[in-house]
Structure formats: C-alpha cells, structure tokens
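Residue numbers (our numbering): 1003 to 1394. Note that CB positions come from ideal geometry on N, CA and C, so glycine has one too.
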Ligand SMILES: [Zn+2]
C-alpha cells in the first residue's frame, strides 16, 4: 500500500522521487555473524516529497518490520567530536535556555547518557525520566534522580511531570509524526510552560549535498525546517525557533505546548521538490562513480569504510552488496566492533586493525569526523588515506 497524502500537512500533492527495493530495514542492529547479518529483514524504500510543505517520507514504510529492542544500538558518543557537539547542546539547554532544577523527560533516550549528563548539569534539584523500549542498563542513575522506563512515551504519560521534554533522533523513525507529537502534546496538557526540544536530520542538507546514503529504511520521515514547524504547529505547539546544527546536518527545534494549532502555508515547500528531482536524476550516477572510484583505489591496497552507522550500512549495501570490493568497516563503538554489517556481513573493526589487513584507504561516511579520524591514524602511526564525497 502506498501512502497517498502527506502525513504532515495532508496535501495530496506528493511525488515519488527515489525507489530502492529490498533494503535492510535496520541499520543499527547488532549482528553477531555474517549469515544473520545478510538475512536481515528487508523492505522497500519509496521516498516521496510533498510539494506543499516539503516533507519527505517513505510511502511504503511498514513499521511491523522494525524491532527497536535491546540489540538496537545507535550510540554515537564514542567519538570525541560528537561528545563535544553534545556538550554544546547541553550547555545551550541548561545555560542558554535556563532548564535548571526541574524535571526533564527524554523521549527515546537510547542508552541514557544524554539524559544523565543533562540532569547532572541542570543542578541538584533536577530529575529526569527517560523513555525508550531499547534501553538497557540499570533502572536508575545519579542516586535515583534519573529513572528509565522501557516503553514508548505516549498520551498515557501525562502523570509524569515535565518542565522540559527532549527528543533527539526519534521523530524521523515515526511514520505518523503528528500522532507522536499529539501524544507528547496531550502528555503536556498540565504543563503549558514546558519547553520542548527536538533534533532530527535536515533533509534539505541531504538533498543539497546529494548524500545518497542518507536515505534508508529506518528514517521514514524526513523534515525541512519548514515542514518540521508545520508538524509542530498542527499538533498544538508554538514553535519558538528551528535552526541548523551539527554542520548543517541536523535541525534543532524549540517549542512550547501552548499553541492553538497552526495553519498550513501552501506553496511553502520552497525549492525542496526541485532539489528532490535533481537528486533523483543524479543518484545512480553518483553511486556508479563510487564503484569506479573504489576500483581505482583498490590498486593501492584494500579499501574500508569508516562508520558502521546508518550511512555506512546504506553505502555498503548499495555499492558492495556481495562484499567484493570493501574489506571491512571501521567503527568507534566497541559494541559494534567484532560484529557484522547489517545486510552485507562486512566485518566491523576498530581502526587500529586496518593496517594488519592491508587497508590503504578508508571512505569517510561523515566528513564531520575527518579531523578526528586523521588524528587517530596519525597518533597510531598508520598510513591510511581518508576519502569522502567531493574530495580527493
Ligand atoms: Zn505536506
């Protein structure tokens, strides 16, 4: 079944611009052997753009295929530059927005580190509750000031007091974002002054940079700054600001639950539909170009990918599904090292094992980490070239 109207603004003006059949449904599941990695559940990607609000979504997404359980791990905090980025967010929430000595709820808290750091920073009078079905770890942290609940945060959570709600990298996994936002809004019906912070990828950045490996099954709902504001407005929030963060790759939205529900501005999609069409025309050529580039790099020695997150999984599945060209994938997350890439079964290793395998080049999945990765290699005395899209 193909979704016929926009899940954000309900417009029927939606157009498919990207189709991929049989892609792995998960990019961040821990796979302990190559066989199970290759046998991962698959689904179809049918990305459509709404020409009214600019929202982009997978119109053939099937949520029943997804398993956000304990084997799901999308931890990024193993990277020093990502930790630095998180510190900046914490500073902004606590010092910049005055979230102190209050009760913080995190929707989709993952392994809980961000919430623990936030509550610790927000002062001794702060408390936190993290909701996530994939949470693993102790039930409480910071002497009981933080507690974790292994379930989704929904309308039935109104009894959990919240002065601030944080939700990072969750809404893009939700096929009906308005339903999710409506549940958050209802949970906050007794807290009209609560501050709400959401972070999600910016699809405009993906389209402008033609990052074809940033379209994958887990991300069924991708926003522009405008379509994100429309979604919040229609869900009864007052949007205070939406800005780009993390080198432009993410959107950071601040809102309050005291809005009356927004109207939809027609024809406010800007140049997003045009960018989507340009992307569609370029995509196959960009993939083929990488295939040729890897062939050329292989002359100097083996080639690896750097980054076993969603970007690396998508790249490997499209460029090297049979493991004929890429030797392995590097990741800083120790939970992923020693395991295998979903869909292809490439081994996932720490960077210091590259030299012993004869790897001479690593393809960077996220240029934000270039300086950090170059430093790691230099300090370890490893002569491995790093390449990325648009660079030599
Ligand atoms: Zn729309």
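- Message: Please state whether the Cβ-Cβ distance between residue 1339 and residue 1349 is less than 7 angstroms.
- Response: Here residue 1339 refers to the residue found at position 337 when the chain shown is read from its first residue. Here residue 1349 refers to the residue found at position 347 when the chain shown is read from its first residue. No, these two residues do not count as a Cβ contact at 7 angstroms.
- Query: Is the beta carbon of residue 1129 less than 7 angstroms from the beta carbon of residue 1105?
  - Reply: Translated into positions along the chain shown, residue 1129 becomes position 127. Translated into positions along the chain shown, residue 1105 becomes position 103. Their beta carbons are under 7 angstroms apart, which means residue 1129 touches residue 1105 by this criterion.
- beta strand (DSSP E) runs wholly inside the region 1236–1307, at least 3 long, in chain order: You should have 1240–1247 and 1252–1258.
- Looking only at C-alpha atoms, which of 1356, 1166 and 1390 sits nearest to residue 1384? Along the chain shown, read from residue 1 onward, the residue named residue 1384 stands at position 382. Ranking the options by Cα distance to residue 1384, first place goes to 1356.
- For residue 1369, name the three-state secondary structure that DSSP assigns. Indexing the chain shown from 1 puts residue 1369 at position 367. Residue 1369: helix per DSSP, three-state reduction.
- Query: What do you reckon, is the C-beta of residue 1010 under 6 angstroms from a heavy atom of ligand 1?
  - Reply: Here the question's residue 1010 lines up with position 8 in the chain shown. The answer is yes for residue 1010.
- Query: Using the C-alpha atoms, what's the distance from residue 1311 back to residue 1256?
  - Reply: By one-based count along the chain shown, residue 1256 stands at place 254. By one-based count along the chain shown, residue 1311 stands at place 309. As the crow flies, the alpha-carbon of residue 1256 is around 27 angstroms from that of residue 1311.
- Message: With H, G and I counted as helix, E and B as strand and the rest as coil, what does DSSP make of residue 1040?
- Response: Stepping through the chain shown from its first residue, residue 1040 is reached at position 38. Under the three-state reduction of DSSP output, residue 1040 falls in the helix class.
- Item | Selection from 1242, 1048, 1055 and 1054 that minimises the alpha carbon distance to residue 1061 | On the chain shown, residue 1061 is found 59 positions in, with the first residue counted as 1. The residue with the shortest Cα to Cα distance from residue 1061 is 1048.
- Message: When you compare the CB positions of residue 1075 and residue 1032, do they come within less than 7 angstroms of one another, or not?
- Response: Residue numbering aside, residue 1075 sits at position 73 when the chain shown is read from its first letter. Residue numbering aside, residue 1032 sits at position 30 when the chain shown is read from its first letter. Cβ atoms of residue 1075 and residue 1032: closer than 7 angstroms.
- Task: Would you be able to state if there are at least three C-beta pairs under 8 angstroms between the region 1315–1332 and the region 1271–1286?
- Result: Not touching, per the Cβ criterion.
- Taking 6 angstroms as the cut-off, does the CB of residue 1222 come closer than this to any heavy atom belonging to ligand 1? To locate residue 1222, count along the chain shown from 1; it is residue 220. No; taking the cut-off as 6 angstroms, the Cβ of residue 1222 has no heavy atom of ligand 1 nearer than that.
- Message: If I follow the unbroken beta strand (DSSP E) through residue 1132, where does it start and stop?
- Response: The residue you call residue 1132 lines up with position 130 of the chain shown. Run containing residue 1132: 1129–1133, per the beta strand (DSSP E) assignment.
- If we ignore side chains and look at the alpha-carbon of each, how far apart do residue 1156 and residue 1343 end up? The sequence position of residue 1156 within the chain shown is 154, counting from 1. The sequence position of residue 1343 within the chain shown is 341, counting from 1. Going from the Cα of residue 1156 to the Cα of residue 1343 covers about 32 angstroms.
- Euclidean distance between Cα positions of residue 1005 and residue 1204: On the chain shown, position 3 is the one that residue 1005 refers to. On the chain shown, position 202 is the one that residue 1204 refers to. If I take the Cα positions, the gap works out to 22 angstroms.
- residue 1334: buried (16+ other C-beta within 10 angstroms of its C-beta) or exposed? Locating residue 1334 in the chain shown gives position 332, where the first residue counts as 1. The residue is buried, with at least 16 neighbouring Cβ atoms inside 10 Å.
- Task: Might you give, ordered along the chain, the residues of its own chain that have their beta carbon closer than 6 angstroms to the beta carbon of residue 1455, omitting 5 neighbours on each side?
- Result: Any answer about residue 1455 is impossible in this case: the structure gives the chain only from 1003 up to 1394.
- Task: Can you give me the start and stop residues for the alpha helix (DSSP H) that residue 1201 sits inside?
- Result: The sequence position of residue 1201 within the chain shown is 199, counting from 1. Premise fails: residue 1201 lies in the beta strand (DSSP E), 1197–1203, not in any alpha helix (DSSP H).
- Item | Beta-carbon proximity list for residue 1022, same chain, < 6 angstroms, skipping 5 on both sides | The count along the chain shown starts at 1 and reaches residue 1022 at position 20. Only residues of its own chain outside the window of five on either side were considered, and among them 1047 have a CB closer than 6 angstroms to the CB of residue 1022, listed in chain order.
- Query: So which of 1120, 1138, 1281 and 1162 has the shortest CA-CA distance to residue 1144?
  - Reply: Within the chain shown, residue 1144 is the residue found at index 142, counting from 1. Closest option to residue 1144, Cα to Cα, is 1120.
- Query: Is the region 1223–1237 touching the region 1195–1209, taking contact as three or more C-beta pairs under 8 angstroms?
  - Reply: Output reads yes: the region 1195–1209 touches the region 1223–1237.
- Query: Hey, out of 1305, 1212, 1178 and 1211, whose CA is closest to residue 1237's CA?
  - Reply: Taking the first residue of the chain shown as 1, we reach residue 1237 at position 235. Nearest of 1305, 1212, 1178 and 1211 to residue 1237, Cα basis: 1178.
- Query: If you count every other CB in all the chains shown that lies within 10 Å of the CB of residue 1108, and 16 or more means buried, which is it?
  - Reply: Stepping through the chain shown from its first residue, residue 1108 is reached at position 106. Counting the other CB atoms within 10 Å of its CB gives residue 1108 a total of 16 or more, which places it among the buried residues.
- Answer yes or no: the CB of residue 1007 versus the heavy atoms of ligand 1, is any distance below 6 angstroms? Numbered from 1 along the chain shown, position 5 holds the residue referred to as residue 1007. Using a cutoff of 6 angstroms, the CB of residue 1007 does not count as near ligand 1, since none of the ligand's heavy atoms is closer than that.
- Item | Sequence-distant residues of its chain with Cβ nearer than 6 angstroms to residue 1182 (five each side left out) | By one-based count along the chain shown, residue 1182 stands at place 180. Counting only Cβ-Cβ distances below 6 angstroms, and skipping sequence neighbours, we find 1176.
- Task: Tell me where the alpha helix (DSSP H) around residue 1023 begins and ends.
- Result: For the purposes of this step, residue 1023 is taken as the residue at position 21 of the chain shown. Unbroken run through residue 1023 is the beta strand (DSSP E), 1016–1026; no alpha helix (DSSP H).
- Rounded to whole angstroms, what's the CA-CA distance from residue 1278 to residue 1122? Just pull it up for me. Sequence index remark: in the chain shown, residue 1278 carries index 276 (1-based). Sequence index remark: in the chain shown, residue 1122 carries index 120 (1-based). The straight-line gap from Cα to Cα measures roughly 42 angstroms.
- Query: Start and end of the alpha helix (DSSP H) containing residue 1084?
  - Reply: What you label residue 1084 is simply residue 82 of the chain shown in a count that begins at 1. That run of the alpha helix (DSSP H) goes 1082–1093.
- Task: Could you spell out the range, first to last residue, of the alpha helix (DSSP H) harbouring residue 1117?
- Result: Taking the first residue of the chain shown as position 1, residue 1117 is located at position 115. Counting along the chain, the alpha helix (DSSP H) containing residue 1117 begins and ends at 1115–1123.
- Message: For residue 1114 and residue 1214, I'd like the C-alpha separation in whole angstroms.
- Response: In the chain shown, the residue the question calls residue 1114 occupies position 112. In the chain shown, the residue the question calls residue 1214 occupies position 212. The alpha-carbon atoms of residue 1114 and residue 1214 are separated by roughly 30 angstroms.
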